[in-house]
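Those letters in the sequence shown? Residues 0 to 386, by numbering that gives the first Met the number 0. Here a beta-carbon is modelled for each residue, glycine too, at the ideal position from N, C-alpha and C. So the structure is just underneath, and the comments pick up after that.
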Amino acid sequence: MNGQRVVTVPLFFQLHIIQLTVPGAILFTFFLPQRIIMFLFFFYYLFAIFIYKYVAYIEKRFQVINEKQTTRLFPDESGQFFIHLKNGANIPLVNGVCYFHLNSSLIQHKDQGIEQISKTLFSFPFSQPAHSTQKWDLTLTATKRGVFQIEQFECVLKDPFHLLTVHLPVFDKLKTEIIVYPSPKEVAGLQELQQLLTGSYRTNFSFYNDETSIIGVKRYERESFRSIHWKASAKMQALQAKQYEPVKNYSWTICLSLAADRGFGWKENVEDLISFTTYICQYATKHQIPFELFISVLAEGGPLLLPLNEGQTHYAKALEELARISDDSTLLPKQGFLHYVTRKRERSSTIIYIGLQKKELPLLSQPTFLINNEGMVEKLENLALSR
0 MNGQRVVTVP
10 LFFQLHIIQL
20 TVPGAILFTF
30 FLPQRIIMFL
40 FFFYYLFAIF
50 IYKYVAYIEK
60 RFQVINEKQT
70 TRLFPDESGQ
80 FFIHLKNGAN
90 IPLVNGVCYF
100 HLNSSLIQHK
110 DQGIEQISKT
120 LFSFPFSQPA
130 HSTQKWDLTL
140 TATKRGVFQI
150 EQFECVLKDP
160 FHLLTVHLPV
170 FDKLKTEIIV
180 YPSPKEVAGL
190 QELQQLLTGS
200 YRTNFSFYND
210 ETSIIGVKRY
220 ERESFRSIHW
230 KASAKMQALQ
240 AKQYEPVKNY
250 SWTICLSLAA
260 DRGFGWKENV
270 EDLISFTTYI
280 CQYATKHQIP
290 FELFISVLAE
300 GGPLLLPLNE
310 GQTHYAKALE
320 ELARISDDST
330 LLPKQGFLHY
340 VTRKRERSST
350 IIYIGLQKKE
360 LPLLSQPTFL
370 INNEGMVEKL
380 ENLALSR
């Protein structure tokens with residue numbers, strides 16, 4: 000909050016002007032008594048005392064309750080939030096005005112008592128009874144992805160006669176957040192990624208097994224040495240092998256790179272890439288596929304990473320991380336990002352790259368796919384195929 004408080008007073012009621020009138024008041028009171036002039040001076044001083052005391056008293060007991068609230072929307076959806084004001088004084092607050100800035104991509108609904116002064120500046124007048132709180136509800140329609148806040152929020156208090164004005168300290172940003180999720184943009188060919196892969200889900204048949212889950216024994220059929228069940232072999236007088244739970248895994252590692260192909264800065268089609276990523280996360284959630292998400296913007300300890308998980312809650316977290324990407328985010332170079340992904344990703348998952356070129360990608364043992372700029376899935380060669 001900006002701690003500066005600004006008071007504006009008409010010239011005739013400024014303190015130095017009031018002080019200059021004192022000799023005249025003494026003259027017409029004690030040396031040249033004039034009842035009418037005496038009455039005018041008396042009323043002038045009484046009125047000045049009233050407006051100063053009124054505004055000072057109201058100011059001390061007025062409060063903007065800056066509580067945290069979050070509104071989550073998709074583009075073209077409408078949502079509501081409120082501004083919470085409190086008057087703790089014993090007298091009513093007669094004249095007040097609030098000013099604030101909103102991002103131009105948030106369209107406020109009409110007939111809410113809010114005036115739009117400029118493209119981003121809004122205001123609303125208010126009055127408030129003694130010992131009361133009130134909430135000003137604002138309904139907005141989102142037009143694009145992002146995280147937005149009410150910025151430069153300022154309350155201006157006035158006396159009942161609109162003479163003395165106090166500009167209270169400005170809130171740089173209220174704790175209110177409007178999170179606008181990205182719209183999904185279809186990616187063609189995702190169904191190709193659903194194939195049997197070594198992993199953690201039980202199934203009736205798979206080429207892969209969970210070696211931590213032994214469900215019985217069977218005849219040894221040239222399995223690996225560690226698969227021999229020695230106790231069963233001794234009992235049966237013939238080599239026996241451990242029988243493992245067959246499993247498959249649909250887990251995906253989704254990697255979104257937003258760095259430009261040449262030089263520094265962001266790719267030109269950032270919004271398309273974010274929308275493709277949103278669709279992939281949505282598809283994975285719908286088909287109960289666990290996924291982890293890497294994004295080439297800086298977070299604590301390295302690139303942004305959403306650990307492997309599944310379900311609607313995980314999808315909501317992914318949407319929020321994608322919504323928070325902005326020009327203020329610290330963008331990471333491609334090679335550093337890819338090196339981090341290679342070290343931190345789940346080893347058994349399918350790899351999906353977005354925003355990268357084939358020549359930039361490492362050769363991995365996992366099935367690897369690339370989403371091109373048109374939103375098409377391209378299967379890439381991996382180590383298993385290259386051998």
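{"Query": "Give the C-beta separation of Leu337 and Pro361 to the nearest angstrom, bearing in mind that I take them to be a contact with Cβ-Cβ under 8 angstroms.", "Result": "6 angstroms"}
{"Query": "Going by C-alpha distance, which of Asn371, Pro332, Gly301 is nearest Arg342?", "Result": "Gly301"}
{"Query": "What number of angstroms, rounded off, separates the C-alpha of Thr132 from the C-alpha of Val186?", "Result": "50 angstroms"}
{"Query": "Return the first residue and the last residue of the alpha helix (DSSP H) that Ala398 is part of.", "Result": "Residue 398 lies beyond the stretch modelled for the chain, which goes from 0 to 386, so this question has no answer here."}
{"Query": "On the criterion of 16 or more Cβ atoms from any shown chain inside 10 Å, does Ala258 qualify as buried, or is it exposed?", "Result": "buried"}
{"Query": "Could you say which of Leu321, Asn308, Gln281 lies nearest to Ala298 if we only look at CA atoms?", "Result": "Leu321"}
{"Query": "Taking contact to mean at least 3 C-beta pairs separated by less than 8 angstroms, is the region 155-162 in contact with the region 40-53?", "Result": "yes"}
{"Query": "Going by C-alpha distance, which of Ser348, Glu359, Asn65, Leu255 is nearest Asp271?", "Result": "Leu255"}
{"Query": "Here's the rule: buried if 16 or more other CB atoms are within 10 angstroms of the residue's CB, otherwise exposed. What is Lys174?", "Result": "exposed"}
{"Query": "Closer than 8 angstroms by C-beta to Ile64: which residues in its own chain qualify, once you throw out the five before and the five after it? Chain order, please.", "Result": "His83, Leu84, Lys85, Thr132"}
{"Query": "Could you check which residue in Ser325, Gly354, Val155, Gln365 has the C-alpha nearest to that of Gly374?", "Result": "Gly354"}
{"Query": "Are the region 138-146 and the region 19-31 touching, with three or more C-beta to C-beta distances below 8 angstroms?", "Result": "no"}
{"Query": "For Ser256, which three-state DSSP category applies?", "Result": "coil"}
{"Query": "Whose C-beta lies closer than 8 angstroms to the C-beta of Lys184 among residues of the same chain, with five residues either side of it excluded?", "Result": "Asp271, Ser274, Phe275, Thr277, Tyr278, Gly374"}
{"Query": "With C-beta atoms as the reference, is Ile149 less than 8 angstroms away from Phe99?", "Result": "yes"}
{"Query": "Identify which residue in Tyr314, Arg144, Cys280 has its Cα closest to the Cα of Glu176.", "Result": "Arg144"}
{"Query": "Could you pull out every unbroken beta strand (DSSP E) segment of at least 3 residues lying fully inside the region 61-85, listed in chain order?", "Result": "61-64, 68-72"}
{"Query": "Measuring alpha carbon to alpha carbon, tell me which residue in Ile350, Phe46, Ile116 is nearest Leu363.", "Result": "Ile350"}
{"Query": "In three-state DSSP terms, what is Arg218?", "Result": "strand"}
{"Query": "Could you say which of Gly112, Pro181, Phe38 lies nearest to Ile324 if we only look at CA atoms?", "Result": "Pro181"}
{"Query": "Relative to the alpha-carbon of Tyr352, which residue among Gln68, Pro9, Ile253, Asp75 has its alpha-carbon at the smallest distance?", "Result": "Ile253"}
{"Query": "Starting from His450, trace the beta strand (DSSP E) both ways and give me its first and last residue.", "Result": "As displayed, the chain neither begins before 0 nor continues past 386, which places residue 450 out of reach and without an answer."}
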